[in-house]
Amino acid sequence: MYPYALLALFLTGIANAAFPDCAKGPLANNTICDASADTRTRALSLISLMSINEKIDQTGNTALGLSRLGLPKYQWWNEALHGVAKSLGVKFNTAGEFSHATSFPQPILIGAAFDDALIKAVATVVSTEARAFSNANLAGLDYWTPNINPFKDPRWGRGQETPGEDPFHLSSYVKNLIAGLQGDGEYRKVVATCKHWAGYDLEDWAGNSRKGFDAVIGMQDLSEYYSPPFQTCARDEDVGSVMCSYNAVNGVPTCADPYILQTILRDHWNWTSEDNLVVSDCDAVLNVFSPHNYTSTLEEAVASSLLAGTDINCGSSYQRYLLSAHTQGLYNESALDKALVRAYSTLIRLGYFDPPAAQPYRNLAWSDVNTPAAQNLAYTAAVKGITLLKNDNRILPLTLTPNTSIALIGNWANATTQMQGNYYGVAPYLTSPLAAAQALGISIKYAQGPTASDPATGTWPDIWAAADAASVLIVVAGIDNSNEAESRDRDVITWGAGQTSVIKRLAGYGKPMVVVQMGGGQVDSSFIRDDERIGALLWAGYPGQDGGRAVMDVLTGKAAPAGRLPVTQYPGGYVDEVKMTDMRLRPGEGSPGRTYRWYEGEAVYPFGSGLHYTTFDVSVEEGEQALSFDIAELVDGCTEKHLDLCPLASVPVAVTNSGKEVTSDFVVLGFGVGSNGPAPYPKKSLIAYERLLGIAPGKTKTAHLNLTLNSLSRVLENGDRVLFPGTYQLQVDNQPLTTLKLTLTGSELLLDAWPQPPASAVTRQHDDFLSSGA
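Each residue of the sequence shown is one higher than the one before, counting from 10 in the numbering used here.
In structure tokens form, the structure reads like this:
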């Protein structure tokens with residue numbers, strides 16, 4: 010996202026200018042300021058006042074505005090991945106009002122909560138604070154979030170930005186996120202941008218750069234795995250914006266690919282409103298020319314991108330080369346008008362040109378930022394995502410006495426900004442694990458210890474001194490943004506040599522010992538799992554502004570863990586079995602398969618792993634152990650727009666806390682299993698989930714797993730989604746804890762006919778493509 014050409018501008022903290030003056034300014038009598046006119050007419054009325062040069066000036070992420078019309082500059086590039094974040098469009102004051110914003114955990118940890126209501130609540134706070142910053146002229150209204158590329162390869166540096174590896178989970182997550190960000194009123198609260206469409210999950214691996222990588226993806230995997238979250242964004246939630254990605258798909262850079270941007274995104278998913286805007290990743294249009302070498306000139310690169318449907322270019326390529334491209338006859342001015350109609354229609358939906366008195370969001374102010382409720386939500390989100398992976402002999406929660414002394418060791422033990430991950434803003438405070446431990450009122454011995462990059466040759470005398478003086482050993486360590494980040498993939502997925510050495514030596518002390526694994530991507534913790542001297546293992550991701558308190562509260566029992574791993578924790582040797590550039594999901598030559606659905610090996614900790622401080626009894630409610638449905642009858646009774654959304658069943662699952670002391674949440678995961686349709690068959694597929702809150706000892710709560718026709722469907726090699734008759738199972742949890750037999754009768758049903766790419770998509774000549782569009 011941050012090309013070198015824009016880095017200097019980013020560091021200066023350039024923010025958005027004021028709103029247009031539609032009361033007394035030059036545009037006051039133009040239809041753009043007439044709130045009673047339709048959106049398209051309003052946008053066209055503004056564009057009609059511009060020369061082609063002036064139009065082109067508005068096509069970059071920094072729209073230059075037009076002083077003679079009273080049209081301010083506008084910065085499209087605003088970030089809010091897990092809170093209002095530093096970016097070209099967002100400026101934090103150095104002190105006082107608007108000097109900080111709530112910093113929530115990274116999406117990978119929020120995803121581990123499997124709590125859709127939490128996601129919407131977090132997004133609602135983020136959009137409220139974003140609007141408040143905008144009203145103070147410190148931010149724009151378009152936010153380039155969320156990242157919903159599935160996290161299928163553990164090496165990916167940006168996996169921390171996503172909710173996990175499962176497409177159904179990502180779709181549910183983004184459905185609720187968009188609702189919280191954009192709101193449901195006449196005016197959009199902010200515009201969300203689903204990124205990066207399509208097939209993007211590589212930064213820089215083995216000489217393959219994201220900016221020139223060609224992701225070879227079959228129609229089956231494109232339809233089944235890489236597309237569902239974006240379908241939810243575009244088709245089901247009408248997200249305001251979508252970002253095309255750096256990479257190519259099957260030979261064509263996505264920002265210049267009419268199949269990706271028009272055929273699938275706009276036509277197939279009916280994402281065709283005037284205010285549906287495509288933005289490029291930063292310098293991705295430039296990359297169409299180099300290093301993709303898809304076009305012979307930069308003029309051809311900008312023309313092909315514009316004609317394919319990329320409306321706004323992050324970078325300067327449009328503003329520098331669209332005029333000469335037009336002079337060369339590579340596109341018609343109407344294509345430029347179409348892009349600008351989408352851009353200004355987006356702003357119209359945000360109330361950018363309307364009187365502020367009619368817009369409740371224009372009243373949001375500094376008092377709405379970092380409220381006590383927002384602070385509590387940031388803490389709650391961290392607690393809900395923390396995942397207990399090992400707890401031998403119930404060493405956790407720790408029992409503390411005045412005589413307890415803790416050795417707090419590790420490169421994360423005193424973490425502050427580390428806890429925010431990437432794409433973060435200025436937090437109001439950052440509570441480290443050390444600060445939270447010191448607040449317990451017992452003796453704390455702190456030692457930093459090695460990072461994930463340190464070798465095993467260090468001596469670390471402070472660690473052994475702390476361990477000698479303590480009665481309990483807690484290691485808080487793992488990878489961070491020095492190991493995983495944008496433009497930085499990992500080569501190994503094991504603990505660092507120095508960290509491994511320290512953990513193993515500490516285990517020899519014979520004292521109660523807990524390891525808290527930090528970071529977004531998983532590391533092979535099998536040696537911790539298998540070592541009986543290490544009592545417990547937690548994973549806490551990037552837990553945000555109150556992460557240290559959340560971790561310590563879970564360790565000491567003030568809060569109970571109920572998170573579930575949103576990804577698979579693979580053995581370290583997995584990276585030697587499959588190339589990161591291999592986009593296939595199913596196992597085959599050179600790949601043992603990807604994600605829990607297809608991986609043929611034995612995971613260290615499977616997707617969905619997560620223990621509790623109490624015990625639960627889980628069962629499908631009596632009388633619901635077998636269900637049968639006629640496919641035709643299900644369709645006849647459906648009122649949904651799309652067949653895949655038609656209801657199948659709502660399955661009640663009763664969960665009883667059979668423990669005696671601890672009140673705890675419980676995540677009910679429903680997996681579909683079946684051998685119907687074409688082989689091979691996935692081991693299982695997540696098809697429903699619900700988080701039950703606060704189940705007290707001896708009490709029962711019921712989850713309702715809502716299944717649709719999509720839940721049991723299969724995707725064919727050509728990408729078509731089909732529902733096949735036959736017998737299926739709904740399995741609850743990984744063990745499973747309980748099962749339900751589902752039988753479908755009748756004829757197979759085509760739920761979705763996947764649009765096929767041009768027959769010559771990979772080999773077509775660039776000149777032919779350009780001439781056909783111009």
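For glycine and all other residues, C-beta sits at the position ideal for the given N, C-alpha and C.
Exclusion of the five residues before and after valine 481 leaves Leu407, Thr413, Ser414, Ile415, Ala416, Lys520, Pro521, Met522 and Val523 as the residues of its chain whose Cβ lies within less than 8 Å of its Cβ.
The C-beta of asparagine 62 has fewer than 16 other C-beta atoms within 10 Å across all chains shown, which makes the residue exposed.
By the neighbour-count criterion, in which a residue is buried when 16 or more other Cβ atoms sit within 10 angstroms of its Cβ, arginine 403 is exposed. Straight across, the Cα-Cα distance linking methionine 589 with lysine 129 is about 33 Å. Valine 251 has its alpha-carbon roughly 12 Å from the corresponding atom of isoleucine 273. Contact between the segment 156-171 and the segment 553-564 is absent, with fewer than three C-beta pairs closer than 8 Å.
Here the segment 370-381 makes contact with the segment 105-112; the two share three or more CB pairs at distances below 8 Å. In this structure, Val297 is the residue among Val297, Gln328 and Ala145 with its C-alpha nearest to the C-alpha of serine 314.
In terms of Cα proximity to cysteine 242, the closest of Phe123, Asp477, Pro176 and Asp292 is Pro176. Buried is the label assigned to threonine 319, since at least 16 other Cβ atoms lie within 10 Å of its Cβ. Proximity of the segment 749-762 to the segment 700-707 falls short of the contact definition, fewer than three beta-carbon pairs being nearer than 8 Å. Within the segment 52-94, complete alpha helix (DSSP H) segments of at least 4 residues are found at 61-65, given in chain order.
Between alanine 390 and alanine 122 a beta carbon distance of about 7 Å is seen, short of the 8 Å cut, so the two are scored as contacting.
Looking at the DSSP output, leucine 753 bridges to Phe638 and Gly735. Residue ranges of uninterrupted alpha helix (DSSP H) with 4 or more members, entirely inside the segment 99-153 and ordered along the chain, are 116-121 and 125-144. Residue state for isoleucine 502 is assigned as coil, using DSSP reduced to three classes.
The Cβ-Cβ distance between leucine 758 and valine 731 falls below 9 Å. The continuous stretches of alpha helix (DSSP H) do not include glycine 338, and DSSP gives it neither H nor E. Around the C-beta of tyrosine 438, fewer than 16 other C-beta atoms lie within 10 Å, and the residue is accordingly described as exposed.
Taking one beta carbon from each stretch, the segment 141-161 and the segment 713-728 have fewer than 3 pairs nearer than 8 Å; the two do not touch. Between cysteine 323 and tryptophan 85, the C-beta spacing is below 9 Å. Per the coordinates, the alpha-carbon of arginine 49 lies some 8 Å from the alpha-carbon of arginine 351. When the five nearest sequence neighbours on each side are left out, the beta carbons in the same chain lying within less than 6 Å of the beta carbon of serine 637 are those of Thr752, in order along the chain.
In this structure, tryptophan 763 lies near serine 232, with their beta-carbon atoms less than 9 Å apart. By DSSP's assignment, glycine 597 forms a beta bridge with Ser600. Here the alpha carbons of valine 392 and alanine 559 stand approximately 5 Å from one another. In this structure, arginine 358 lies away from aspartate 290, with their beta-carbon atoms at least 9 Å apart. Secondary structure of serine 254 (DSSP, three-state): coil. In the structure shown, asparagine 719 adopts helical secondary structure according to DSSP, grouped into three states. Residue pairing from DSSP places asparagine 217 in a beta bridge opposite Trp214. Close CB contacts of alanine 568 within its chain, under the 6 Å cut and outside five residues either way in sequence, are with Val392 and Asp562 (chain order). Unbroken alpha helix (DSSP H) stretches of 4 residues or longer found wholly inside the segment 455-520: 470-477 and 506-516, given in chain order.
Sixteen is the threshold: when 16 or more other Cβ atoms of the shown chains lie within 10 Å of the Cβ of glutamate 699, as they do, the residue is buried.
Its Cα nearest to that of aspartate 162, the residue Asp591 stands out among Ser452, Asp591, Asp477 and Ser535.
DSSP places proline 238 inside the alpha helix (DSSP H), whose first and last residues are 237-240. A contact between stretches requires three or more CB pairs, one per stretch, nearer than 8 Å, and the segment 590-608 fails this requirement with the segment 637-654.
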